[in-house]
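K.L.:
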Amino acid sequence: DAGITQSPRHKVTETGTPVTLRCHQTENHRYMYWYRQDPGHGLRLIHYSYGVKDTDKGEVSDGYSVSRSKTEDFLLTLESATSSQTSVYFCAIKGQGDAGELFFGEGSRLTVL
Amino acid sequence: GEDVEQSLFLSVREGDSSVINCTYTDSSSTYLYWYKQEPGAGLQLLTYIFSNMDMKQDQRLTVLLNKKDKHLSLRIADTQTGDSAIYFCAEISSGNTPLVFGKGTRLSVIA
């Protein structure tokens, strides 16, 4: 158990509304990631963080912003949700060992109507 | 950018061996990984291999790496219905770059 909690686990919202997904970790890991998973696309990186207030974009960052004001929390915000952002969102943390493996949360399923 | 390719589907009979294949383009990959995703769950790390190895075995799992051809495979011996899942191949080229994932192979095990 890598100590990752995502919230909410399920959310239904309407187009144009703001949405924030939270990832919380209990193990003081430096690197945290947000991915989205869609049929036919696999996992695609949205944003990642390499420390408090240090973030960078992934391959599908348009329409998303992130914040990391403390080590344990990494927030993903959709400022104005669109139907194309209907997806399952996964948070991950990087392990402390040399292999750099990621450990994933259980996912947050977002539906934008 | 770097790319990781997998076939999308594989169907095997219970008790047979499954072989899931993956190709990648990054010649500077240092670690390659296999993840398993069961329905409604997150990805679970199954195993990984360092790029200077060509094989790693862990119980029913065997990972083969052909670095020259940039080909990675995962063999599951004595496949069981509980092995039905999506399997993702992933690679990393340096410690600080994000992992790159394939699209996943859906393994169906027929009883």
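Each protein sequence line maps, in turn, to chains L and H.
All residue numbers for the first sequence refer to the numbering used here, where the first residue is 1 and numbers rise by one.
All residue numbers for the second sequence refer to the numbering used here, where the first residue is 1001 and numbers rise by one.
Don't be surprised by glycine CBs; every beta carbon is placed ideally from N, CA and C.
This one's a predicted model, so the numbers in the text were calculated from it and none came from an experiment.
(1) Which chain H residues are close to TYR89 (chain L), counting only those with a beta carbon under 7 Å from its beta carbon?
(2) Among all the DSSP beta bridges, which residues are the ones paired with GLY100 (chain L)?
(3) On a Cα-Cα basis, can you pick out the residue from L:GLU14, L:GLN25, L:THR15, L:ARG9 that is closest to ALA92 (chain L)?
(4) Just the C-alpha distance for GLY58 (chain L) and THR77 (chain L), rounded to the nearest angstrom, thanks.
(5) Short check: CB of GLU1038 (chain H) to CB of ALA1077 (chain H), under 7 Å?
(6) With 7 Å set as the bound, which would you pick, yes or no: does the beta-carbon of ILE1092 (chain H) sit closer than that to a beta-carbon of chain L?
(7) State the Cα-Cα distance for the pair THR55 (chain L) and ALA99 (chain L), rounded to the nearest angstrom.
(8) Cβ closer than 7 Å: which chain L residues qualify as neighbours of PRO1098 (chain H)?
(9) Using 8 Å as the Cβ pair cut-off and three pairs as the minimum, do the segment 1092 to 1108 of chain H and the segment 37 to 46 of chain L touch?
(10) Quick one: which unbroken alpha helix (DSSP H) runs of 4-plus residues sit fully inside the segment 1042 to 1069 of chain H? Chain order, please.
(11) Would you say LEU1061 (chain H) and LEU1032 (chain H) are within 7 Å of each other, going by their C-beta atoms?
(12) For TYR1048 (chain H), which residues from the same chain have a beta carbon less than 6 Å from its beta carbon, with the 5 sequence-adjacent residues on both sides left out?
(13) Suppose the cutoff is 6 Å on Cβ atoms and the five residues either side in sequence are ignored; what does the same chain contact list for TYR1024 (chain H) look like?
(14) Where do the N-terminal and C-terminal ends of the beta strand (DSSP E) with TYR48 (chain L) fall, by residue?
(15) Roughly how many angstroms lie between the CA atoms of PRO8 (chain L) and VAL66 (chain L), to the nearest whole one?
(16) Quick one: does PHE104 (chain L) have its CB under 7 Å from some CB of chain H?
(17) Can you tell which of L:THR17, L:LEU21, L:ASP73 has the C-alpha that lies nearest to the C-alpha of GLY107 (chain L)?
(18) Is the Cβ of LYS1103 (chain H) closer than 7 Å to any Cβ of chain L?
(19) Is THR1105 (chain H) helix, strand or coil when you go by DSSP?
(20) With 7 Å set as the bound, which would you pick, yes or no: does the beta-carbon of GLY107 (chain L) sit closer than that to a beta-carbon of chain H?
(21) Consider the Cβ of GLY97 (chain L): report whether some Cβ of chain H lies at a distance smaller than 7 Å.
P.N.:
Judging by the given coordinates:
(1) Looking up residue 89 (chain L) in the first sequence gives position 89. The premise fails here: TYR89 (chain L) is roughly 11 Å from chain H at the closest Cβ pair, so nothing lies under 7 Å.
(2) One-based indexing of the first sequence puts residue 100 (chain L) at position 100. Its beta-bridge partners do not exist; DSSP assigns none.
(3) Start at 1 with the first residue of the first sequence, and residue 92 (chain L) comes out as number 92. Checked all of L:GLU14, L:GLN25, L:THR15, L:ARG9; the closest Cα to ALA92 (chain L) is L:GLN25.
(4) Along the first sequence, read from residue 1 onward, the residue named residue 58 (chain L) stands at position 58. Along the first sequence, read from residue 1 onward, the residue named residue 77 (chain L) stands at position 77. The alpha-carbon atoms of GLY58 (chain L) and THR77 (chain L) are separated by roughly 14 Å.
(5) Here residue 1038 (chain H) corresponds to residue number 38 of the second sequence, with the count starting at 1. Here residue 1077 (chain H) corresponds to residue number 77 of the second sequence, with the count starting at 1. No, the Cβ-Cβ distance between GLU1038 (chain H) and ALA1077 (chain H) is not below 7 Å.
(6) What you label residue 1092 (chain H) is simply residue 92 of the second sequence in a count that begins at 1. For ILE1092 (chain H), the answer is yes, since a Cβ of chain L falls inside 7 Å of its Cβ.
(7) Indexing the first sequence from 1 puts residue 55 (chain L) at position 55. Indexing the first sequence from 1 puts residue 99 (chain L) at position 99. Near 21 Å, if we compare the C-alpha coordinates of ALA99 (chain L) and THR55 (chain L).
(8) On the second sequence, residue 1098 (chain H) is found 98 positions in, with the first residue counted as 1. Near PRO1098 (chain H) (Cβ distances below 7 Å), the residues of chain L are TYR33, LEU45, TYR48, GLY58.
(9) yes
(10) none
(11) In the second sequence, the residue the question calls residue 1061 (chain H) occupies position 61. In the second sequence, the residue the question calls residue 1032 (chain H) occupies position 32. It is not a contact, given that the beta carbons lie outside the stated cut-off.
(12) On the second sequence, position 48 is the one that residue 1048 (chain H) refers to. Taken in chain order, the residues that qualify are TYR1031, TYR1033.
(13) Taking the first residue of the second sequence as position 1, residue 1024 (chain H) is located at position 24. These residues qualify, in order along the chain: VAL1004, LYS1070, GLU1091.
(14) For the purposes of this step, residue 48 (chain L) is taken as the residue at position 48 of the first sequence. Here the beta strand (DSSP E) through TYR48 (chain L) covers 42 to 51.
(15) By one-based count along the first sequence, residue 8 (chain L) stands at place 8. By one-based count along the first sequence, residue 66 (chain L) stands at place 66. Whole-angstrom Cα-Cα distance: 16 Å.
(16) Walking along the first sequence from the start, residue 104 (chain L) turns up at place 104. PHE104 (chain L) counts as touching chain H.
(17) As a working mapping, residue 107 (chain L) is identified with position 107 in the first sequence. It is L:LEU21 whose Cα lies nearest to the Cα of GLY107 (chain L).
(18) Locating residue 1103 (chain H) in the second sequence gives position 103, counting from the first residue. So yes, LYS1103 (chain H) belongs to the interface.
(19) Position 105 of the second sequence, counting from 1, holds the residue named residue 1105 (chain H). DSSP places THR1105 (chain H) in strand when its eight states are reduced to three.
(20) Counting from one through the first sequence, the residue named residue 107 (chain L) turns up at place 107. Answer yes: the Cβ-Cβ gap between GLY107 (chain L) and chain H drops below 7 Å somewhere.
(21) On the first sequence, position 97 is the one that residue 97 (chain L) refers to. Output row for GLY97 (chain L): interface = no.
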